[in-house]
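Numbering (the working numbering), first residue to last: 458 to 538.
No residue lacks a Cβ here, since even glycine has one placed at the ideal position from N, Cα and C.
Structure record follows, encoded as structure tokens.
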């Protein structure tokens, strides 16, 4: 079992891979499949891998817990750049 704790005030939020059924979750920004769920005091936010990367630093400062299942994504052959 995975234990999760809220981050101390001012500390970065923990990024923890957890078994979470996100099969039907969609990114709140673009509507694509969500791989990251950010739990905030105002409620959960879902993000695709791309939009989480764009907002990771800001989200880590305001969220208590980040559920990250991006590790389940298969690597792609597309060029990075």
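Per DSSP, which one or two residues make a beta bridge with residue i?
i: residue 494; result: 503 and 524
i: residue 483; result: 490
Compute the Euclidean distance between the alpha carbons of residue i and residue j, then round it to the nearest angstrom.
i: residue 501; j: residue 482; result: 11 angstroms
i: residue 526; j: residue 484; result: 13 angstroms
i: residue 528; j: residue 478; result: 14 angstroms
i: residue 499; j: residue 513; result: 17 angstroms
i: residue 460; j: residue 532; result: Note that residue 460 scores a pLDDT of 41, beneath 50, so its modelled location is shaky; the value from the coordinates is reported in the next line. Using only the alpha carbons, I get a separation of about 28 angstroms.
i: residue 487; j: residue 518; result: 22 angstroms
i: residue 480; j: residue 530; result: 13 angstroms
i: residue 508; j: residue 521; result: 18 angstroms
i: residue 497; j: residue 506; result: 18 angstroms
i: residue 492; j: residue 523; result: 10 angstroms
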